[in-house]
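Residues in the sequence shown are numbered from 105 upward in steps of one, following our numbering. Positions of the beta carbon are idealized from the N, C-alpha and C atoms, including for glycine. A quick note: this is a predicted structure, and the numbers were derived from the prediction, not measured. Following: one structure in structure tokens, then a few remarks.
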Amino acid sequence: MTADSMLSGNPDRIVSDPITGAGLSPARREAFDRFRWYNASVLKGLFGAALFDQTVLPAVSAGVESTGRIRYTPFERAFRTAAADQLAFWSEDPERSAEFERLKHLHRDVKGVGYNGVRYSALQPESWNWILYSTFFMMRNAYTPITGEKLSAADDQFFWEFFTDALSGLELSGRAKLPATYREASAYYEEMVRSTLRPTKTLDNAVESVLKPPTPNFIPVLAHPVWWIAGPIIGHIVFVCSFGIMHPGVRALAPVAWTRLHGVEFRVMGALLPLVYRYLPRRLQYSPLAYNRWRYEQLVMKYQDMGLESFAPSAEAGGCPFSA
């Protein structure tokens with residue numbers, strides 16, 4: 105049996121612990137570790153603007169624009185998103201379940217009629233699930249540029265299972281539940297691009313916040329001139345990485361055209377990032393809770409290796425001193 109067929113057989117589709125992967129078969133455990141430690145890397149942040157595909161669903165755009173947070177407080181919003189990501193993928197119960205419930209509870213208040221005349225509700229299944237689809241495809245599409253490894257069809261399926269298992273607490277029930285296969289998820293995304301997504305003011309504002317980032321309020325005043333130079337450079341890198349992995353149909357909706365030079369820059373990043381991913385120390389590369397989990401597991405293995413395989417008297421000891 106090939107590794108791919110072992111992965112796609114799905115005998116242990118739902119893991120007993122989506123944080124540790126306990127209960128998985130050896131082949132699926134290897135894939136689980138590969139994806140979870142990739143997910144630990146802060147390099148994913150360079151691709152965060154790929155989540156802007158959320159804003160081209162008119163109902164999501166209406167809800168996001170009503171708060172103004174992408175336009176006026178993009179860094180604070182990004183930090184809150186990163187914090188929620190940490191709790192969702194790396195915390196343990198009861199904190200993890202509490203975060204899922206908190207997110208669902210707070211989103212109940214996101215409803216109304218938007219600037220575009222579209223009635224919106226964050227918990228409406230199409231809008232809610234679109235955020236999850238967007239998050240998954242950002243993670244999935246950034247994998248190869250960051251690691252340098254190509255994904256097989258079996259990898260895609262397992263990655264989808266890894267994602268939906270970890271975020272099962274955010275899934276809606278009944279007919280709104282996410283599909284079981286990557287193939288169905290990919291087909292749904294393609295159909296949304298073809299029939300539903302539209303250019304929006306929210307996307308325009310989001311792209312501007314990346315290419316012309318405002319000065320963060322946490323930067324000291326004396327450092328503002330440095331940010332005025334570095335900010336647009338960092339923003340350009342984020343734009344190239346993020347829009348390089350974005351679906352071409354979504355990318356075409358952006359107010360900034362994707363050029364041949366952008367493509368060259370994206371390929372350069374795709375050559376450099378795997379080296380960073382491979383050689384950057386985990387202490388610098390892993391997000392805080394992920395690094396904490398990695399250190400915990402390393403220490404557990406170290407202490408387990410210190411134990412004896414048997415408490416029976418060894419031959420060198422000459423027998424048990426308490427025996428008759």
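Environment of residue i [buried if 16+ CB atoms lie within 10 Å]
i, result
"I250", "buried"
"W468", "For residue 468 there is no data in the structure shown, the boundaries of the chain being 105 and 428."
"M373", "buried"
"S109", "Since pLDDT at S109 reaches only 37, below the 50 mark, its modelled position is unreliable, and no value is offered."
"W332", "exposed"
"I440", "Absent from the structure is residue 440, since the part of the chain shown begins at 105 and ends at 428."
"R397", "buried"
"A166", "buried"
"A226", "buried"
"K148", "buried"
"T171", "exposed"
"G218", "buried"
"R206", "exposed"
"D157", "buried"
"D409", "exposed"
"A144", "buried"
"S346", "buried"
"M105", "Per-residue confidence for M105 stands at a pLDDT of 33, beneath the threshold of 50, marking its modelled position as unreliable; the derived number appears in the next sentence. Exposed, by the Cβ-count rule."
"R355", "buried"
"R140", "buried"
"D213", "exposed"
"E265", "buried"
"D121", "exposed"
"Y247", "buried"
"A135", "buried"
"Y383", "exposed"
"G125", "buried"
"T304", "buried"
"T306", "buried"
"Y407", "exposed"
"R287", "exposed"
"D259", "buried"
"F415", "exposed"
"R371", "exposed"
"S391", "buried"
Beta-carbon gap between residue i and residue j smaller than 8 Å
i, j, result
"V164", "S231", "yes"
"T268", "L282", "yes"
"L357", "L301", "yes"
"E169", "I123", "no"
"N309", "R175", "yes"
"I341", "L150", "yes"
"S313", "P178", "yes"
"L155", "S238", "yes"
"A187", "G152", "no"
"V360", "V330", "no"
"F343", "Y293", "no"
"F262", "R244", "no"
"L365", "P336", "no"
"Y289", "P229", "Reading off the sequence shown, one finds Ala at residue 289, where the question assumed Tyr. No, these two residues do not count as a Cβ contact at 8 Å."
"R387", "Y400", "no"
"H209", "V297", "no"
"P130", "V222", "no"
"P317", "G339", "yes"
"Q436", "V146", "With the chain represented from 105 up to 428, any question about residue 436 goes unanswered, as that position is not in the structure."
"L376", "W194", "no"
Residues that residue i bridges to, as DSSP identifies them
i, result
"G216", "Y224"
"Y390", "S145"
CB-CB length for residue i against residue j, believed under 8 Å
i, j, result
"G273", "F204", "3 Å"
"L191", "R200", "6 Å"
- prompt: Mind pulling the alpha helix (DSSP H) runs of 4 or more residues that sit fully within the stretch 154-178?
  reply: 162-171 and 173-176
query: Hey, which unbroken runs of the beta strand (DSSP E) at 3 residues or more fall wholly within the stretch 223-279?
result: 223-225
- request: Starting from the N-terminal side, write out each stretch of the alpha helix (DSSP H) that is 4 residues or longer and does not extend beyond the stretch 307-362.
  value: 328-349 and 352-355
query: Can you list, in chain order, the stretches of the alpha helix (DSSP H) that have 4 or more residues and sit fully within the stretch 189-213?
result: 199-211
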